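Okay, so the sequence shown: first residue is 1331 according to the working numbering, each after it adds one. Backbone N, C-alpha and C fix where the C-beta goes; we use that ideal spot for every residue, glycine too. No experiment lies behind these values; they were computed from the predicted model shown.
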Amino acid sequence: MKVTIFNGSPRKNGNTAAMTSSLADKLKAKGAEVSEHFLYHMDIKGCMNCGVCRSGDELKECAIKDDGIRMVKEFVSSDIVIFATPIYMWHLTASMNAFIERLHSVCVHEGYVNRPEGKRIAIAMTMGDDEYVAADAVNSLLFFCEYFKLRYSGAYAVPFADKEQIMRPPNQERMQDFVNKIMEG
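This is the structure in structure tokens:
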């Protein structure tokens, strides 16, 4: 089972990275092949709605020639995708949002052989406040999954996150429950 974590944090050693490191360990213990990609440090522009990807009878590669093309291919080849992000001002980070926009290129084309319909999608978040500040981010992902017929598999959040908080037993137990849920489908 291939699990890909797309990390939208600008900090490779921050709270979200500490969370995804622990998450990856738990996924590997369940037998998953795990990879993580830090989107903030890549050149990924948002969709410009040019229509190239959905013109004609066959899927065409995105017209924007940047790291987004490679990351979209990682998305397609994964069984489970976890979007990991800190919550900034009630939303996903800009780099995460730009990447999700680019997924439009593989999700819309009806004739595309590897169309990700049914792919399991989850979100893992850190935030400096109560969980309620993540509601818009979770709702956005729910709409994304519904529209493109992806399987929303759940959310994991660490409110008032710092590395110590992430590693506390109650959060680690909730993380294990999250991993069990997404791995079982």
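Helix, strand or coil, according to DSSP, for residue i in the structure here?
{"i": "P1340", "result": "coil"}
{"i": "A1362", "result": "coil"}
{"i": "I1335", "result": "strand"}
{"i": "A1487", "result": "strand"}
{"i": "P1499", "result": "helix"}
Cβ of residue i within 8 Å of Cβ of residue j?
{"i": "E1461", "j": "A1487", "result": "yes"}
{"i": "R1450", "j": "D1507", "result": "no"}
{"i": "F1336", "j": "F1429", "result": "yes"}
{"i": "S1435", "j": "C1475", "result": "no"}
{"i": "A1393", "j": "H1421", "result": "no"}
{"i": "M1331", "j": "A1362", "result": "yes"}
{"i": "V1509", "j": "L1353", "result": "yes"}
{"i": "Y1370", "j": "G1344", "result": "no"}
Could you check if residue i is buried or exposed, using at least 16 other CB atoms within 10 Å of its CB as the buried criterion?
{"i": "R1498", "result": "exposed"}
{"i": "R1341", "result": "exposed"}
{"i": "S1483", "result": "buried"}
{"i": "G1398", "result": "buried"}
{"i": "A1465", "result": "exposed"}
{"i": "S1407", "result": "exposed"}
{"i": "G1448", "result": "exposed"}
{"i": "F1490", "result": "exposed"}
{"i": "F1473", "result": "exposed"}
How many angstroms separate the CA atom of residue i from the CA atom of residue j?
{"i": "P1416", "j": "K1360", "result": "25 Å"}
{"i": "E1391", "j": "P1500", "result": "44 Å"}
{"i": "S1365", "j": "G1381", "result": "30 Å"}
{"i": "M1455", "j": "S1385", "result": "35 Å"}
{"i": "D1492", "j": "Y1477", "result": "34 Å"}
{"i": "F1539", "j": "K1375", "result": "Only positions 1331 to 1515 of the chain appear in this structure, which leaves residue 1539 out of reach."}
{"i": "K1356", "j": "A1485", "result": "16 Å"}
{"i": "A1452", "j": "M1426", "result": "13 Å"}
{"i": "K1403", "j": "T1350", "result": "21 Å"}
{"i": "T1334", "j": "Y1418", "result": "22 Å"}
{"i": "D1396", "j": "L1433", "result": "13 Å"}
{"i": "M1372", "j": "E1431", "result": "15 Å"}
{"i": "I1512", "j": "M1378", "result": "32 Å"}
{"i": "T1346", "j": "Q1495", "result": "12 Å"}
{"i": "Q1502", "j": "K1358", "result": "15 Å"}
Which residues share a DSSP beta bridge with residue i?
{"i": "I1451", "result": "V1411 and Y1482"}
{"i": "Y1418", "result": "H1421"}
Taking only beta-carbon atoms, is residue i less than 8 Å away from chain D?
{"i": "K1356", "result": "Here there is only one protein chain, and chain D is not present."}
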